[in-house]
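Engineer:
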Amino acid sequence: MNSSELILNNDGSVYHLSLKLGDVSDTIITVGDPDRVSKVSALFDSVDFRTQKREFVTHTGTLSGKRLTVISTGIGTDNIDVVINELHSLKVLANDLSTPYKFIRLGTSGAVRPDVKVDSILISSAAIGLDGLMHFYDWNESQEEIDELIAQSEKWKLLPRPYAAMANSELVNSFSPIADKLGVTLTAPGFYAPQGRSVNAQARISDFVDLLGSSTFAGVPITNLEMETAGIYGLASLLGHEAVSISAILANRATGQFSEKGDEVVERMIKKALEVLVG
Numbered sequence: 001m002n003s004s005e006l007i008l009n010n011d012g013s014v015y016h017l018s019l020k021l022g023d024v025s026d027t028i029i030t031v032g033d034p035d036r037v038s039k040v041s042a043l044f045d046s047v048d049f050r051t052q053k054r055e056f057v058t059h060t061g062t063l064s065g066k067r068l069t070v071i072s073t074g075i076g077t078d079n080i081d082v083v084i085n086e087l088h089s090l091k092v093l094a095n096d097l098s099t100p101y102k103f104i105r106l107g108t109s110g111a112v113r114p115d116v117k118v119d120s121i122l123i124s125s126a127a128i129g130l131d132g133l134m135h136f137y138d139w140n141e142s143q144e145e146i147d148e149l150i151a152q153s154e155k156w157k158l159l160p161r162p163y164a165a166m167a168n169s170e171l172v173n174s175f176s177p178i179a180d181k182l183g184v185t186l187t188a189p190g191f192y193a194p195q196g197r198s199v200n201a202q203a204r205i206s207d208f209v210d211l212l213g214s215s216t217f218a219g220v221p222i223t224n225l226e227m228e229t230a231g232i233y234g235l236a237s238l239l240g241h242e243a244v245s246i247s248a249i250l251a252n253r254a255t256g257q258f259s260e261k262g263d264e265v266v267e268r269m270i271k272k273a274l275e276v277l278v279g
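Residue numbering for the sequence shown follows full-length UniProt numbering, starting at 1 and increasing by one per position.
#1: Name the two residues that bound the continuous alpha helix (DSSP H) containing P34.
#2: Give the single residue among L17, K117 and D48 whose Cα lies nearest to the Cα of S72.
#3: Can you tell me the Cβ-Cβ gap for V184 and F217, rounded? I've got them flagged as a contact below 8 Å.
#4: Within 7 Å of any Cβ in chain B, is that where the Cβ of D96 sits?
#5: Buried or exposed for G190, going by 16 or more other Cβ atoms inside 10 Å?
#6: Measure from the alpha carbon of A165 to the alpha carbon of each residue in E154, I121, S245 and Y192, then state which is nearest.
#7: Please check the pair V118 and A236, which I expect to be a contact at CB under 8 Å, by giving their CB distance rounded to whole angstroms.
#8: Identify every run of the alpha helix (DSSP H) within the stretch 101-180, keeping only runs that are complete inside it and at least 4 residues long; order them along the chain.
#9: Among the residues of its own chain, which have a CB less than 7 Å from the CB of I205, if the five just before and after it don't count?
#10: For the beta strand (DSSP E) holding F49, just list the boundary residues, first then last.
#11: Quick check on this structure: which residue in K39, E148, G213 and T229 has the alpha carbon closest to the alpha carbon of I75?
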């Protein structure tokens, strides 16, 4: 492989993350916000590795005898593409693909249905991507279900063709006791018009939230939207890893409500997820 394809730093670490295989655990918590990394690792018993390059902050440590890594991805599936590919490449370079990574996304999200309560915790059993990431890979999963989704409204035809990816069922089962709801997540390629917000310019679909809230995927209602989960699920599945996305619901776009205790809800989600990981 040409050096321009998989780029390494002079010390042999992968280009964007500045990581080597021994720097990370096989259990990796992903968070969007770099500042959230230290909030997670502060709950570890010890932290033996820290590094940062750009928005990618990585801490690895131990909790109750279990080695864990937490890494910030930044916002969006473009960054997910970097993070998961470079972490996978660490195993390829070491010729050590016997053990898959377990990716646990701990993030925030907005609900699109009134019955998904603000300050609740939601696990995504599946994710639908409008970001286009998986269209650049040899990925053709759930095409029949996508066709059925698009057929539910002509407005879906105004959007880029979605792709879909599933969570790892074993991880969903493991974490489901801490969730208030399971649902299907829509991953958007932006925060404003791509999520139906007409703040500075008119969104193409003015009732985008209503479209999502009235749509189903494989018979399951679309419950929430954010900006990473579909990319995590797609790439993890494609590369032979396992993933689950857990979200603190900080807003309900259908009702217009926003959380008044967002930090508290996120902290509760983190603590509960760590209890499952070491339980």
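Idealized CB from N, CA, C, for every residue including glycine.
Owing to the predicted nature of the structure, the values given are computational and were not obtained by experimental measurement.
Structural biologist: By the coordinates alone:
#1: Position 34 of the sequence shown, counted from the start, is the residue given in the question as residue 34. First-last of the alpha helix (DSSP H) with P34: P34 to S41.
#2: Counting from one through the sequence shown, the residue named residue 72 turns up at place 72. With distances taken between Cα atoms, S72 lies closest to L17.
#3: Taking the first residue of the sequence shown as position 1, residue 184 is located at position 184. Taking the first residue of the sequence shown as position 1, residue 217 is located at position 217. V184 to F217, Cβ: 5 Å. Contact.
#4: The structure shown contains no chain B; it holds only a single protein chain.
#5: The residue given as residue 190 occupies position 190 in the sequence shown. G190 should be labelled exposed.
#6: What you label residue 165 is simply residue 165 of the sequence shown in a count that begins at 1. Among E154, I121, S245 and Y192, the Cα nearest to that of A165 is on S245.
#7: Translated into the one-based positions of the sequence shown, residue 118 becomes position 118. Translated into the one-based positions of the sequence shown, residue 236 becomes position 236. V118 to A236, Cβ: 28 Å. No contact.
#8: 143-150 and 169-175
#9: Walking along the sequence shown from the start, residue 205 turns up at place 205. Correct list, in chain order: K155, L158, G196 and L211.
#10: Within the sequence shown, numbered from 1, the residue matching residue 49 stands at position 49. Note, F49: beta strand (DSSP E), S46 to K53.
#11: What you label residue 75 is simply residue 75 of the sequence shown in a count that begins at 1. Nearest C-alpha to I75: T229.
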